[in-house]
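A.B. asks: Count along the sequence shown starting at 1, add 907, and that's the number in this note's numbering. What follows is a single structure, and I will ask about it in a moment.
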Amino acid sequence: MRIAVIGTGYVGLVVGACFAETGNDVVCADLDVRKIGALRDNKIPIYEPGLESLVVRNQGQNRLTFTTDVPSAVGGAEVVFIAVGTPPDEDGSADLRHVLSVADTIGQHMAREMVIVTKSTVPVGTAERVQGAVARHAKHAFHMCSNPEFLKEGAAVDDFLKPDRVVLGVESDHARSVMAELYSPFVRTGRPIIFMDIASAEMTKYAANAMLATRISFMNEIANLCEKVGADVDLVRKGIGSDSRIGPSFLFPGPGYGGSCFPKDVKALARTATEHGSPLAVLDAVECANERQKKRLFEKLSTSLGGYVAGSHVAVWGLAFKPNTDDMREAPSLTLVAQLLAAGATVTAHDPAAMEETKRKLGDSIRYAESNYEALVGADALVVVTDWNEYRHPDFARIKNTLRRPIVIDGRNLYNPAKMKSLGFVYDSIGRRA
Ligand SMILES: NC(=O)c1ccc[n+]([C@@H]2O[C@H](COP(=O)([O-])OP(=O)(O)OC[C@H]3O[C@@H](n4cnc5c(N)ncnc54)[C@H](O)[C@@H]3O)[C@@H](O)[C@H]2O)c1
């Protein structure tokens, strides 16, 4: 099939590369000239395991091409995916400017009957607005499809190639059969394609992210309460996660959720709910709990330093909002660093993948270390913010010998509190007995 993917970010690039991998002719289009230039040279602008080899192989075999010429990408396609960003507007609602401008371009430049797929996360009713924008110019029949994306950054290629499910909102037989054929290589092991109407598909994406964010905020608040009442959230987590109605995933407390999706999607869904006079009070609480949680690491550090944060030097391990990505959007590390700098501390940070991205955001307001151990030199304390695998089993003797004071704040509950105490650390984590 001839496919155009408009918007070549985290989602568009993965989608394009994976469809090319199954033999389709894919053109990925983006307005970002530098990004497209780099991709043509096989330079991947994001850190995403497994993506580079897919891009290199499929570009080498001419199944995957990159262009800044969006109209020509649209003109050659039978299926076009809209995968541009939908950042939050000032009132929290999703900003649909990019989506609607692409819709306009599609209407003007489509050259045959086509399926138009909204892949971006968009509020209910957006496909209808896209349909309207395309119809203003369209000279050919077209079919709308809402195909929300559930990939996880850090495991995006695997998630796309082996999805838990594919959700397709369609309202014509043509769209249904084209999309079923396109996705058939990815669901051969029986993973379902769930067909539904377009509004329900649009809603499903927000409901999924809102549910996941709710679990995180819920567990973070339970963890905070565990600290007060002398319970251990690790045990509570296992105790509730073994209930088949609850399940074990997404129950790990931490420094709050971040990333490009949960914060904006929670806000956008809450906004939609308010606009429709059906407020989602639970989401206001989820967001509020998350904002509080992002400040917990600073509070814990401040306590461990006896309140003397000013003049201290702090090592931070992990900057990306989660491991296996370089995405810094709304990362809890940014909140911590901002609090530390405002309180008069200095910071040296390390991250296996997100240093360049952090430099773009924070410049030389902090120092950057080549290795996680180098970050400890001259530091009064270590704060672990992101649970990269390489931080899980560090050389504790080396940490203790390098830090000026043996203070470790573990924002991801990576280490054993009893062991840390026996090694002589002043150790704190989230919701566990010290
Ligand atoms: N990142 C994720 O993990 C994830 C997962 C599921 C869904 N989503 C959703 O997918 C959408 C895209 O997210 P992302 O993280 O890939 O965003 P991104 O910011 O990484 O990429 C968006 C790209 O669209 C391009 N763009 C903007 N306007 C354009 C236009 N008019 N024509 C061509 N290109 C244009 C930008 O230059 C950018 O490269 C969002 O709606 C997001 O909510 C993201």
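Ideal Cβ positions, reconstructed from N, Cα and C, are used throughout, including at glycine.
How would you label residue 1038, buried or exposed, when you count the other beta carbons within 10 angstroms and need 16 or more for buried?
C.D. replies: buried
A.B. asks: Do you know how far the Cα of residue 1111 is from the Cα of residue 1133?
C.D. replies: For the pair residue 1133 and residue 1111, the Cα-to-Cα distance works out to about 33 angstroms.
A.B. asks: Within this structure, are the beta carbons of residue 1216 and residue 1240 separated by less than 8 angstroms?
C.D. replies: no
A.B. asks: Is residue 1343 helix, strand or coil when you go by DSSP?
C.D. replies: In the structure as shown, the chain starts at 908 and stops at 1341, and residue 1343 therefore has no counterpart that could be examined.
A.B. asks: Taking the C-alpha atoms as reference points, what is the distance between residue 1137 and residue 1127?
C.D. replies: 15 angstroms
A.B. asks: For residue 945, which three-state DSSP category applies?
C.D. replies: helix
A.B. asks: Counting by C-beta, which residues lie closer than 6 angstroms to a heavy atom of ligand 1, in chain order?
C.D. replies: 913, 914, 915, 916, 917, 918, 919, 936, 937, 938, 939, 942, 977, 990, 991, 992, 993, 1005, 1008, 1009, 1027, 1028, 1056, 1058, 1060, 1167 and 1168
A.B. asks: Rounding to the nearest angstrom, what Cα-Cα distance links residue 1230 and residue 1293 in this structure?
C.D. replies: 6 angstroms
A.B. asks: On a CA-only basis, which of 1076, 1213, 1193 and 1317 is nearest residue 1300? Give me that one, please.
C.D. replies: 1317
A.B. asks: Helix, strand or coil: how does DSSP classify residue 1335 here?
C.D. replies: strand
A.B. asks: From residue 1250 to residue 1064, what does the alpha carbon distance come to, in whole angstroms?
C.D. replies: So the alpha carbons of these two residues sit roughly 41 angstroms apart.
A.B. asks: Could you name the residues of the same chain whose beta carbon sits closer than 8 angstroms to that of residue 942, not counting the 5 residues immediately before and after it, in chain order?
C.D. replies: 915 and 952
A.B. asks: Is the CB-CB distance between residue 1000 and residue 1260 below 8 angstroms?
C.D. replies: no
A.B. asks: In this structure, what does DSSP give as the bridge partners for residue 1152?
C.D. replies: None; residue 1152 has no bridge partner.
A.B. asks: Using only CA atoms, which one of 1309, 918 and 1262 lies nearest to residue 1062?
C.D. replies: 918
A.B. asks: Once DSSP output is grouped into helix, strand and coil, what is the label at residue 988?
C.D. replies: strand
A.B. asks: Return the residue from the list 948, 976 and 1252 that minimises the CA-CA distance to residue 964.
C.D. replies: 948
A.B. asks: Counting C-beta neighbours from all protein chains within 10 Å, is the total for residue 901 16 or more, i.e. buried, or is it exposed?
C.D. replies: There is no way to answer for residue 901, as the model of the chain reaches only from 908 to 1341.
A.B. asks: Using the rule of at least 16 other Cβ atoms within 10 Å of the residue's Cβ for burial, across every protein chain shown, is residue 1142 buried or exposed?
C.D. replies: It is exposed - the Cβ of residue 1142 has fewer than 16 other Cβ atoms within 10 Å.
A.B. asks: When the distance is taken between beta carbons, is residue 1311 closer than 8 angstroms to residue 1286?
C.D. replies: yes
A.B. asks: Residue 1118: buried (16+ other C-beta within 10 angstroms of its C-beta) or exposed?
C.D. replies: exposed
A.B. asks: For residue 1314, which residues of its own chain have a beta-carbon under 6 angstroms away from its beta-carbon, when the five flanking residues on both sides are left out?
C.D. replies: 1211, 1288 and 1333
A.B. asks: Could you check the C-alpha separation between residue 1009 and residue 1108 for me, to the nearest Å?
C.D. replies: 20 angstroms
A.B. asks: On the premise that residue 980 lies in contact with residue 924, defined as a C-beta separation below 8 angstroms, what is that separation, rounded to the nearest angstrom?
C.D. replies: That belief does not hold up - the Cβ atoms of residue 924 and residue 980 are roughly 15 angstroms apart, past 8 angstroms.
A.B. asks: Compute the beta-carbon to beta-carbon distance between residue 1282 and residue 1256, rounded to the nearest angstrom, for a pair I have assumed lies under 8 angstroms.
C.D. replies: So it is a contact: roughly 6 angstroms between Cβ atoms.
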